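Participant:
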Amino acid sequence: MAYSGERAASFAYQGHAGSVKDPVQKAEIAQIEQDEWEHRAHVLSIMQQHGVEVSRWLELRFWVTGKVVSMGCYLIGWFMPYYFAGRLESGNVCEYFVMMRYFHELDIDEHDEILYEMGMKEKEHEEYFLDSITDNRKLALFEKVFGWGKDNSYNDIDSETANIGESSSYCDDYKTRNSKLTKNT
Ligand SMILES: [Fe+2]
Ligand SMILES: [Fe+2]
2 MAYSGERAAS FAYQGHAGSV KDPVQKAEIA QIEQDEWEHR AHVLSIMQQH
52 GVEVSRWLEL RFWVTGKVVS MGCYLIGWFM PYYFAGRLES GNVCEYFVMM
102 RYFHELDIDE HDEILYEMGM KEKEHEEYFL DSITDNRKLA LFEKVFGWGK
152 DNSYNDIDSE TANIGESSSY CDDYKTRNSK LTKNT
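Listed below in structure tokens is the structure:
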């Protein structure tokens with residue numbers, strides 16, 4: 002899912018970058034698109050090391066999702082693509098820390114560094130989108146309705162103090178946090 006999801010994200014950011022007018026924002030979002038392509042390549046290499054096959058069904062499903070979201074960015078104004086990208090990134094952060102924990106259960110720690118790096122990159126993405134809309138009047142309402150914003154995150158990571166040594170304890174409450182936030186939506 003991470004492998005196929007990363008491509009969906011890249012597609013979505015193509016539409017997002019295409020739909021914003023500001024050249025700086027366009028370049029920033031295009032950089033995030035590149036980050037997601039890199040994540041996809043890293044995930045593939047991990048999968049190949051462990052003989053995990055790419056799912057054609059997930060590839061198709063996420064291909065469609067990515068393309069639909071990409072087109073949608075042209076239709077829903079400036080705020081919503083920023084908001085929902087941030088919300089999505091917020092949830093993606095834990096995927097890589099949870100993955101790290103699953104590997105540890107199998108006594109595999111050789112992927113720690115890349116998983117940490119990818120999780121922290123998603124955190125950076127979350128913060129970028131949040132910073133971009135933090136002064137927007139709509140944020141309070143969206144946070145109330147969709148459950149993510151200044152005071153609500155889908156992960157417990159503090160980018161100021163995060164470090165790889167402690168990272169296997171991150172996202173311990175991932176499932177409860179997710180269902181609590183999802184209930185708000
Ligand atoms: Fe990613
Ligand atoms: Fe991301």
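The sequence shown begins at 2 in my numbering and counts up one residue at a time. Using N, Cα and C, we set each Cβ at its ideal position, and we do this for glycine too. In this text, all values refer to a predicted model and were calculated from it rather than measured experimentally.
1. Return yes when the Cβ of K122 is within less than 9 Å of the Cβ of N156, no when it is not.
2. Could you pull out every unbroken beta strand (DSSP E) segment of at least 3 residues lying fully inside the stretch 5 to 35, listed in chain order?
3. Based on Cα-Cα distance, which residue from M2, S5, R41 lies nearest to M119?
4. Is K122 close to ligand 1? I mean its beta-carbon at under 8 Å from any heavy atom of the ligand.
5. For ligand 2, is there a heavy atom less than 8 Å away from the beta-carbon of I33?
6. Only counting the same chain, and skipping five residues up and downstream in sequence, which positions put a Cβ closer than 6 Å to that of E127?
7. Between which residues of its own chain and Y83 is the CB-CB distance below 7 Å, once the five residues before and five after are set aside?
8. Among residues of its own chain, excluding the 5 on either side of V55, which ones have a beta-carbon nearer than 8 Å to its beta-carbon?
9. In or out: A141 buried (at least 16 other Cβ within 10 Å) or exposed?
10. Can you grab the Cα-Cα spacing for the pair W38 / R138, in whole Å?
11. A10: beta carbon under 8 Å from a heavy atom of ligand 1?
12. Among E60, E7, F85, V65, whose alpha-carbon lies nearest the alpha-carbon of G148?
13. With hydrogens ignored, establish whether the beta-carbon of D113 is closer than 8 Å to any heavy atom of ligand 1.
14. Could you check if Y117 is buried or exposed, using at least 16 other CB atoms within 10 Å of its CB as the buried criterion?
Facilitator: So, from the listed chains and residues:
1. no
2. none
3. R41
4. yes
5. yes
6. G87, E90, S91
7. F130, S133, I134
8. Y4, S5, L45, M48
9. exposed
10. 32 Å
11. yes
12. F85
13. no
14. buried
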